[in-house]
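What follows is a single structure, written as structure tokens, with notes after it.
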Amino acid sequence: MDLTALRNANPEHWDKAAAIRTLTLDAVAAANSGHSGMPMGMADVATVLFEKHLKFDASAPNWPDRDRFILSAGHGSMLVYSLLYLTGHADVTLEEIKNFRQLGAKTAGHPENFLINGIETTTGPLGQGIANAVGFAMAEEIQRAHYGKKVVDHYTYVIAGDGCLMEGVSQEAVTLAGRHELSKLIVFWDNNNITIDGTVDIADRTDQVRRFTASGWHVIEIDGHDPQAIDAAIVQAKKSNKPTMIACESHIALGHAAQDTSKGHGALTDKDQLKAAKDGYGWPHGPFEIPASVKSAWEAIGARGATERTAWEERFAELSERKQAEFNRAYALEAPKKLAGAIRAFKKQMSEEQPKLATRASSEKVLNVVNPIMTETVGGSADLTGSNNTKSADMGVFLPENRKGRYIHYGIREHGMAAAMNGMALHGGIRPYGGTFMAFTDYARPAMRLSALMKIPSVFVMTHDSIGLGEDGPTHQPVEHLAISRATPNTYVFRPADTIETAEAWELALTFKDSPSVLSLTRQGVPTVRTQHKTKNMVAQGAYVLAEAEAKRQAILIATGSEVSLAMEAKAMLEAEGIGTRVVSMPCMELFAQQDEAYRKRVLPAGPVRVGIEAAVRAGGWDRWLLGERGREAKAGFIGMSSFGASAPAGELYKHFGITAEATVAKVKGLLGL
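Residue numbers (UniProt numbering): 1 to 674.
The structure is reproduced here in structure tokens:
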């Protein structure tokens, strides 16, 4: 690659791009850790994008109508950190650049949205960024249809590498975006033909151009180091009525001795090679030194969007006061004032009617109350709408011809669905939820984990939550999935016992601001156990006394979900034998753990034997509540699963695996030595 020719062809562009490359080399060398090659290879693309196209204001990084820039190839984080520093974002100072990858620095090894305002999403697990971007683009389309083009009109730009496109989630994302004609989504493919193990062809022979074309995308192929070609491609992409992939033929670690090699992917720290690369760039400056003329040119790029932002604020002020308030409320993640009253009225009605319903059907009833009030909700399902019961009557279907639709048919794309939901939540102004079977949290888990890491309130509606789904058998019967979900930090897992607990769980999930929720819902019908109306949200306590002992209290049954009614049956049988039994419903272990110690002790006092009942494995937090928080407060047992399930009607399965009132009674009596 003739660097001199590139430098001479456009010196001003070259110096701005070289600033990215040299900051990357210096930061990675100082940390002795990181990934130098991608930022060096894509610096030209990023420079043209930020200078000529990206709508943003460095002084207002959260401006709602900014263009979104997503670095899907998150290992190349110094690209985005360099851009943020150079354009004048307050969060990324030169000191932060110097402390790249160090404890306490905002410039973490991979971009983290909760550390820096200018980072749109946490990336690093390859493919997540491009899948998030589909959600960003969907959110833009939905909000533009709702508020109008004068208020919502922006693009989502993505830089993705070979690794992102190899990950399976990228196929889910790419085909979903093509189907929905997300024309304001533009992806730059860093086509450098290098992975950690070698050239791409040692593991993959996909023709990415044909792949994207077949998926309904507009594709442009360019030299990723030619600023004129990059600019022209972006102009062309903006005119397309399809999402666009710009295939940028590039050189990883451009200008370094490791250029076009696997070594170029990682940390380039050799001092002599670093100096030689800088000499090749015509860059005589010291470590972390950016000439004032280059820095001021970049800062002018960062300030350019202030005029557009001011004009947007004027247009926004022209909306009705009602629309402005709705927009601001949704972006602030504030629930509408009517929500609490609507939930209370619904609970009262259900306490009176006392239906026997599957909690998935209960959930649908709640959504029919909530969604007309909370118009920022966007629901969906991974091809299981009729099974997950996630579509309320007021929701139209999101399609190219109906951008006002708030229900998305995600197809059989659990991972892509969860990642797109995260993108919607990160975009702002949207409360996303989506459903599949609880067993398929396995497919969605990488994105579910990231929602917790990113502190965003995505709601994962997981139905068919136990062996109670019956004949579909062990492939579809989750036994370990509650434990896995509960083991994930910053995640609330709700397993409601009836329609009323389901309503309370939804109320909480839709008011959280920085934590995702997993709603674990049944296929089989369950009776109403909350027969006395309470205005208080009891699920908010995590666990509570559902039924007190009548005789002297000797046992406490702790149950979740469909097994709460089973605990109530066992209680009646034990009380008939003079064994006083308290039933505790525990719909959310995480919330119970957050209650003060005095409340936890009132619900689970020392002394009585304790039996947990859940049609799942015992792992995932049960021992804390069964044995006591010090591990010695009670004799305890567990009624649940210790193996995979089987294919049979639900009732037969519960008997076969010993999850019955009779087995519970026997367990209690055994613990009491009776």
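Just so you know, even glycine gets a beta-carbon here, dropped at the ideal spot from N, CA and C.
Identify whether residue i lies in helix, strand or coil by the three-state DSSP scheme.
i	result
Q208	helix
M374	coil
W283	coil
E548	coil
residue 737	Lying outside 1 to 674, the shown extent of the chain, residue 737 is not represented and no answer is given.
P457	coil
H180	coil
Y331	helix
E652	helix
Q524	coil
W625	helix
V200	helix
G310	The sequence given here has Thr at residue 310, not Gly. Looking at T310 - three-state DSSP - the assignment turns out to be helix.
F638	strand
S215	coil
L674	coil
M245	strand
E167	coil
D44	helix
R632	coil
Q477	coil
T156	strand
W189	strand
L25	helix
Y410	coil
If you draw a straight line from the alpha carbon of residue i to that of residue j, how long is it in whole angstroms?
i	j	result
E633	V169	46 Å
A393	A303	46 Å
I556	T581	6 Å
I130	S387	28 Å
Q208	T87	33 Å
Q595	Q541	7 Å
L54	V92	19 Å
G255	S451	38 Å
K534	M438	29 Å
T511	A335	6 Å
V397	K455	28 Å
E662	T156	58 Å
L626	L519	23 Å
Q477	T359	16 Å
L674	Q554	12 Å
V80	G280	23 Å
I196	E313	46 Å
T47	I301	10 Å
E95	L103	13 Å
K337	A505	17 Å
G578	K669	11 Å
A646	H464	14 Å
Which partner residues does residue i have in the DSSP bridge list?
i	result
S585	Y544 and A559
P432	V378
N402	L399
M462	T436 and S520
T195	G198
T4	Per DSSP, none; premise fails for T4.
L71	I159
V611	L557 and G637
F494	L519
Can you name, in chain order, every residue of its own chain whose Cβ lies under 8 Å from the Cβ of residue i, other than the five neighbours on each side?
i	result
N99	A105 and T107
Y147	L319, K323 and F327
H154	K55, D65, R66, D67, R68, E140 and K184
L339	V370, I373, M374, E507, L510 and T511
A229	I222 and D223
I220	A233, Q236, A237, T244, M245, I246 and A247
Sorted by chain position, which residues of the same chain lie with C-beta nearer than 6 Å to residue i's C-beta, five sequence neighbours on each side aside?
i	result
E480	V617
Q259	H251 and A253
L333	K513
D26	P287 and F288
G37	I252, A253, G264 and H265
In chain order, what residues of the same chain lie with their CB nearer than 7 Å to the CB of residue i, ignoring the 5 residues before and after it?
i	result
K667	V611, G637 and I639
W283	A18 and T22
S642	V617
R449	T488
To the nearest whole angstrom, what separates the beta carbons of residue i and residue j, a pair I think is in contact under 8 Å?
i	j	result
I430	A177	Incorrect: roughly 17 Å between the Cβ atoms, too far for contact.
M245	V187	5 Å
F69	E120	7 Å
M350	I500	5 Å
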